[in-house]
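Chemist: Line order of the protein sequences matches chains A and B.
Taken in order, the first sequence gives residues -1 to 317; the numbers are from this note's numbering.
Taken in order, the second sequence gives residues 73 to 391; the numbers are from this note's numbering.
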Amino acid sequence: MSLERPVPRLAGAWGALGLSGLGLAGLSLLLARQEAPAQLGPAQPGLWLVGITALLLLGAVGIRQSAQGEGHPARTVPAAATLILLVLAAEAALRAYAVPTGLIPTPSKVLEALWAARTVLWRDALTTFVYEALLGFVIGTLLGLGLALLSVRLRFLERGLLPYAALLSSVPIVALAPVVIKAVGLGVASKTIIVAVTVLFPVLINAVRGLHSAQSMHLDLMHSYAASAAQTFRDVRWPSALPFVFTALRVAAPLSLINAIVAEFFGTEGRGLGFRIQIEVGKFGLDVVWAAIVVASVLGISFYLVISLIERRILPGRR
Amino acid sequence: MSEGGSGKWVVGSGNGQGRVQGMTTLPASTPRRVRRPSNLLPMLAVAVFAALIYWPVMLFANQGAAQKALDSGADLGCKTALACATQLRNPVIPAPGQFWVGMRSLSAQPFSATAAPYNALVTGGETLLGLGLAVVVGLALATLLVRSRSFERATLPWLVASQTVPVVALAPMLAVLLGQAGVQGFLPKALIAAYIAFFPVTIGMAQGLRSPDPLQRDLMQTYRASGPQTFLLLQLPASLPYLFTSLKVAATAALVGSIVAEISTISFSGLGKMLAENSRASDTVALWVIMVYGAALGIALVALIGLLERAVTRWRPVA
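1) Would a check of beta-carbon distances place methionine -1 (chain A) closer than 9 angstroms to chain B?
2) Beta-carbon of tyrosine 267 (chain B) versus every beta-carbon of chain A: anything under 9 angstroms?
3) Taking Cβ positions only, does glutamine 252 (chain B) come closer than 9 angstroms to chain A?
4) Please list, in chain order, the chain B residues whose beta carbon lies closer than 7 angstroms to that of phenylalanine 127 (chain A).
5) Taking DSSP as the reference, what is the three-state secondary structure of glycine 280 (chain A)?
6) With a cut-off of 8 angstroms on the beta carbons, I'd call alanine 65 (chain A) and arginine 221 (chain B) a contact; round off their distance for me.
7) For alanine 153 (chain B), which three-state DSSP category applies?
8) Whose CA, out of A:Pro71, A:Val304, A:Gly158 and A:Phe263, lies closest to the CA of leucine 121 (chain B)?
9) Going along the chain, which residues of its own chain have a beta-carbon closer than 8 angstroms to the beta-carbon of isoleucine 259 (chain A), five neighbours each way excluded?
10) Relative to the C-alpha of phenylalanine 270 (chain B), which candidate in B:Val208, B:Pro284, B:Gln293 and B:Leu306 has its C-alpha closest?
11) Are the Cβ atoms of glutamine 288 (chain B) and tyrosine 314 (chain B) separated by less than 9 angstroms?
12) Restricting to Cα atoms, I'd like to know which of A:Leu45, A:Leu54 and A:Leu109 is closest to alanine 289 (chain A).
13) By the criterion of Cβ-Cβ separation under 7 angstroms, what are the contact partners of arginine 62 (chain A) in chain B?
14) Could you check whether the Cβ of leucine 217 (chain B) sits closer than 9 angstroms to any Cβ belonging to chain A?
15) Using a Cβ-Cβ cut-off of less than 7 angstroms, give me the residues of the stretch 364 to 380 of chain B that come near chain A, in sequence order.
16) On the three-pair Cβ rule with 8 angstroms, is the stretch 353 to 368 of chain B touching the stretch 167 to 187 of chain B?
17) Using the beta-carbon of each residue, which ones in chain B are nearer than 7 angstroms to isoleucine 192 (chain A)?
18) Thinking valine 172 (chain A) and valine 129 (chain B) are a contact (beta carbons under 8 angstroms), I'd like their distance in whole angstroms, please.
19) So, do the stretch 242 to 253 of chain B and the stretch 334 to 344 of chain B have three or more beta carbon pairs nearer to each other than 8 angstroms?
20) Note down the Cα distance separating isoleucine 305 (chain A) from valine 48 (chain A), rounded to an integer number of angstroms.
21) Looking at alanine 91 (chain A) and leucine 56 (chain A), is the spacing between their C-beta atoms short of 9 angstroms?
22) In chain B, what lies closer than 9 angstroms to serine 226 (chain A) by C-beta?
23) Note down, in chain order, every chain B residue with its Cβ under 7 angstroms from the Cβ of arginine 244 (chain A).
24) Would you grab the beta carbon distance between valine 263 (chain A) and valine 332 (chain B) for me? Rounded to a whole angstrom, and I think it's under 8 angstroms.
25) Judging by CA-CA distance, which residue of B:Ala167, B:Leu312 and B:Ala326 is the nearest neighbour of glycine 378 (chain B)?
26) Does any CB atom of chain A fall closer than 9 angstroms to the CB of isoleucine 125 (chain B)?
27) With a threshold of 9 angstroms between beta-carbons, can tryptophan 172 (chain B) be considered close to chain A, or not?
28) Cα separation between serine 330 (chain B) and proline 229 (chain B)?
29) Can you say whether glycine 298 (chain A) is buried or exposed, counting buried as having 16 or more other CB atoms within 10 angstroms of its CB?
30) Go ahead and pull the three-state DSSP assignment for tyrosine 295 (chain B).
31) Assuming leucine 325 (chain A) and glycine 138 (chain A) are in contact, meaning their beta carbons sit under 8 angstroms apart, how far apart are those beta carbons, in whole angstroms?
32) Run down chain B in chain order and give the residues with a C-beta less than 9 angstroms from the C-beta of valine 279 (chain A).
33) Show which residues of chain B have a CB atom less than 8 angstroms away from the CB atom of valine 85 (chain A).
34) My assumption, with CB atoms under 8 angstroms, is that valine 193 (chain A) sits in contact with glycine 134 (chain A). Please give the rounded CB distance.
35) State yes or no: is the C-beta of proline 300 (chain B) within less than 9 angstroms of the C-beta of leucine 155 (chain A)?
Written as structure tokens, this is what we have:
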């Protein structure tokens, strides 16, 4: 990476990593050439496995070396290399043992399924993410903030409501989902409601905590300025509540997607990532299942990153 | 109450009160917590309010179905749709009386195979076993993470990312896989619960093992404590509060995991099996009863971990 300073150690790491990666990829290709690996006989898979393990160990040495130092590559290369090498090793091992796709699909099969089923998965992701997770997330957040503001104004409400909120946030959503779906219907609306309910409680609890977290010195200062309640709220209470709210939002963002998927296990109108996963598991179409999980993971991680990005924009200087 | 709730989002009304008092009239030297008034009355008021809302919503939701039933000539023993709303065989939202009857019939003989308490115990046992496994795996991984920086750099990003991956979506597939591998009964559900729980436990434990400050480490060094001694006597005890916090978060997720696993495998007991059966049979009242049991189970699990925490970490006040 850096041209002005040669880094011999890193070069060694690249060599080991490259050799390991190429070796694993080569093994996979070699295995792909074999018409029927099962015919190789019982002793062969073990031999392949020895090769795979040796290459993985070589890769581990490379990862270890590349993790030395404090530079940018030392922070990013090990993680990326781990993922790539593990996926390649899984590919080779699954091919060596000729594991049927109905049991565990190889990563390449998953990629194929991802491409082949792209229109269906796109539609499913749109339903699950936009109409269920995102909409429910927004509704739950707004409701939670509203209730938090109300309960900070009315002490009675806070003392009556917050214990329930703390209690209800440890309720498993699978218990809630069937009831809501029976009451509201199989459509998208029932999942939106479930997601909103699961987002509501953490946001409510954290927002109330945040609104109470203003330092008494700041509040005293506002008091001595003869600031109105609204001014105090705008300039002290709200800014000090925001970090708490964002903590809740960061946790709730991926959870909203997960909960939408789980809620879909209990009945849909035939679309959605959760529905796809359930249907394909029943048909042993595990490559499509994995493809759906990959889509959901990418969406979940992006959602989390977007919330973190917004947080960093709004709250400069923190983290 | 404030310690018993969810792991991450603990109610902090006591804190807020102390500060508000400090702001307005009382001098700073006044002890913070004077005597908090009991939350019982406000909580009761909120419960009564919820019950008052429930009644008209229930009538409204059931009215349409009742009208349909009357139009089709069913004899419900009542004249108008409004009067029939509480008498439906399969209500959209059950009337309190119907719920009570369902509750009694499902928990009359608490230890028969079809009763809800027995099945809740089965699910709770699976989840606890899973949490136990998660602690073992989490401790091992956390030790590795703390000991080796290259291991941390290679895996930590993926451990964090995995929190945003819908691991529950893997449950149906894992259930099928484990079933084919001949693992049956209690174990597959516990394994899936463990699979979901071990990520938060690992992260929490790694944080905890790192939490002793340099001063404490120096003290161990002046005592000439060996590496294992430092680990056992300083790092491990220091990590326990972190462990329990992450366990509280993991407990609900693990419970969801074991219920989803019960739904997607051939199981003969557990709340998930009851949910699946009654969902197919459209028995709304039973679904409501199971929801209440599931909620109680989630709350009980978190409370149990809280109790364990207080018993184990006696040396520090529960934060």
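Think of the CB as a built atom: it goes at the ideal place given N, C-alpha and C, for glycine as much as any other residue.
Modeler: This is what the structure holds:
1) If you number the first sequence from 1, residue -1 (chain A) lands on position 1. Because methionine -1 (chain A) sits at a pLDDT of 44, beneath the cut-off of 50, its placement in the model cannot be relied upon, and the point is left open.
2) For the purposes of this step, residue 267 (chain B) is taken as residue 195 along the second sequence, with counting starting at 1. Not closer than 9 angstroms to any Cβ of chain A, the Cβ of tyrosine 267 (chain B) fails to qualify, so no.
3) Residue 252 (chain B) sits at position 180 when you count from the first residue of the second sequence. Yes, glutamine 252 (chain B) counts as interfacial toward chain A.
4) As a first step, residue 127 (chain A) is located in the first sequence; it is residue number 129 there, counting from the start. The contacting residues do not exist; phenylalanine 127 (chain A) stays about 11 angstroms from chain B at best.
5) Walking along the first sequence from the start, residue 280 (chain A) turns up at place 282. Note: glycine 280 (chain A) maps to helix in three-state DSSP.
6) Within the first sequence, numbered from 1, the residue matching residue 65 (chain A) stands at position 67. Within the second sequence, numbered from 1, the residue matching residue 221 (chain B) stands at position 149. Rounded to the nearest angstrom, the Cβ distance from alanine 65 (chain A) to arginine 221 (chain B) is 6 angstroms, consistent with a contact under 8 angstroms.
7) What you label residue 153 (chain B) is simply residue 81 of the second sequence in a count that begins at 1. In this structure, alanine 153 (chain B) counts as helix in the three-state DSSP scheme.
8) Taking the second sequence and counting its residues from 1, the one referred to as residue 121 (chain B) is at position 49. According to the sequence provided, residue 121 (chain B) is phenylalanine. The question's leucine does not apply to it. The shortest C-alpha separation from phenylalanine 121 (chain B) is found at A:Gly158.
9) Residue mapping note: residue 259 (chain A) aligns to position 261 of the first sequence, counting from 1. Hits under 8 angstroms: Thr126, Gly270, Leu271, Gly272, Ile275 and Ala294.
10) The count along the second sequence starts at 1 and reaches residue 270 (chain B) at position 198. If we check each option's Cα against that of phenylalanine 270 (chain B), B:Val208 comes out closest.
11) As a working note, residue 288 (chain B) is residue 216 in the second sequence. As a working note, residue 314 (chain B) is residue 242 in the second sequence. Not closer than 9 angstroms, so no.
12) On the first sequence, residue 289 (chain A) is found 291 positions in, with the first residue counted as 1. Looking at the Cα atoms, A:Leu109 is the closest of the given residues.
13) Position 64 of the first sequence, counted from the start, is the residue given in the question as residue 62 (chain A). Under the 7 angstroms cutoff, chain B gives Ser222.
14) For the purposes of this step, residue 217 (chain B) is taken as residue 145 along the second sequence, with counting starting at 1. Residue-level contact by beta carbon fails for leucine 217 (chain B) and chain A, as no gap is shorter than 9 angstroms.
15) Those residues of the stretch 364 to 380 of chain B that come within reach of chain A (Cβ to Cβ, closer than 7 angstroms) are Gly366, Ala367, Gly370, Ile371 and Val374.
16) In short, these stretches touch, since the Cβ pair count reaches three.
17) What you label residue 192 (chain A) is simply residue 194 of the first sequence in a count that begins at 1. The contacting residues do not exist; isoleucine 192 (chain A) stays about 12 angstroms from chain B at best.
18) Taking the first residue of the first sequence as position 1, residue 172 (chain A) is located at position 174. Taking the first residue of the second sequence as position 1, residue 129 (chain B) is located at position 57. Incorrect: roughly 23 angstroms between the Cβ atoms, too far for contact.
19) Contact annotation: the stretch 242 to 253 of chain B touches the stretch 334 to 344 of chain B, with at least three C-beta pairs closer than 8 angstroms.
20) Indexing the first sequence from 1 puts residue 305 (chain A) at position 307. Indexing the first sequence from 1 puts residue 48 (chain A) at position 50. Isoleucine 305 (chain A) and valine 48 (chain A): Cα-Cα distance of roughly 44 angstroms.
21) Against the first sequence, residue 56 (chain A) aligns to sequence position 58. Against the first sequence, residue 91 (chain A) aligns to sequence position 93. Their beta carbons are not under 9 angstroms apart, which means leucine 56 (chain A) does not touch alanine 91 (chain A) by this criterion.
22) Counted from its first residue, the first sequence places residue 226 (chain A) at position 228. The CB of serine 226 (chain A) never comes closer than 9 angstroms to any CB in chain B; the least such distance is about 15 angstroms.
23) Here residue 244 (chain A) corresponds to residue number 246 of the first sequence, with the count starting at 1. Per the sequence shown, the amino acid found at residue 244 (chain A) is phenylalanine instead of arginine. Neighbourhood of phenylalanine 244 (chain A) in chain B, by CB distance below 7 angstroms: empty, with the nearest CB roughly 13 angstroms away.
24) Residue mapping note: residue 263 (chain A) aligns to position 265 of the first sequence, counting from 1. Residue mapping note: residue 332 (chain B) aligns to position 260 of the second sequence, counting from 1. For the sequence presented, residue 263 (chain A) should be read as phenylalanine rather than valine. Cβ-Cβ separation between phenylalanine 263 (chain A) and valine 332 (chain B): approximately 7 angstroms, consistent with a contact (criterion under 8 angstroms).
25) Position 306 of the second sequence, counted from the first residue, corresponds to residue 378 (chain B). Among B:Ala167, B:Leu312 and B:Ala326, the Cα nearest to that of glycine 378 (chain B) belongs to B:Leu312.
26) As a working note, residue 125 (chain B) is residue 53 in the second sequence. With 9 angstroms as the cut-off, isoleucine 125 (chain B) does not count as an interface residue toward chain A.
27) In the second sequence, counting from the first residue as 1, residue 172 (chain B) sits at position 100. Look at tryptophan 172 (chain B): its C-beta is not under 9 angstroms from any C-beta on chain A.
28) Reading the second sequence from its first residue, position 258 is the one you call residue 330 (chain B). Reading the second sequence from its first residue, position 157 is the one you call residue 229 (chain B). The C-alpha of serine 330 (chain B) lies about 26 angstroms from the C-alpha of proline 229 (chain B).
29) Taking the first sequence and counting its residues from 1, the one referred to as residue 298 (chain A) is at position 300. By the beta-carbon neighbour count (other beta carbons within 10 angstroms, threshold 16), glycine 298 (chain A) is buried.
30) Numbered from 1 along the second sequence, position 223 holds the residue referred to as residue 295 (chain B). Here DSSP, grouped into helix, strand and coil, assigns tyrosine 295 (chain B) to coil.
31) Since the first residue shown for chain A is -1 and the last is 317, residue 325 (chain A) is missing from the structure and cannot be characterised.
32) Position 281 of the first sequence, counting from 1, holds the residue named residue 279 (chain A). In chain order: Pro244, Met245, Ala247, Val248 and Ser336.
33) Your numbering for residue 85 (chain A) matches position 87 in the first sequence. Ordered by position in chain B, no residue passes the 8 angstroms Cβ test against valine 85 (chain A), which lies about 11 angstroms from the chain.
34) Along the first sequence, one-based indexing puts residue 193 (chain A) at 195. Along the first sequence, one-based indexing puts residue 134 (chain A) at 136. Separation of the CB atoms of valine 193 (chain A) and glycine 134 (chain A) is rounded to 3 angstroms, and the pair is thereby assigned contact status at 8 angstroms.
35) Start at 1 with the first residue of the second sequence, and residue 300 (chain B) comes out as number 228. Start at 1 with the first residue of the first sequence, and residue 155 (chain A) comes out as number 157. Not in contact: proline 300 (chain B) and leucine 155 (chain A) (Cβ atoms no closer than 9 angstroms).
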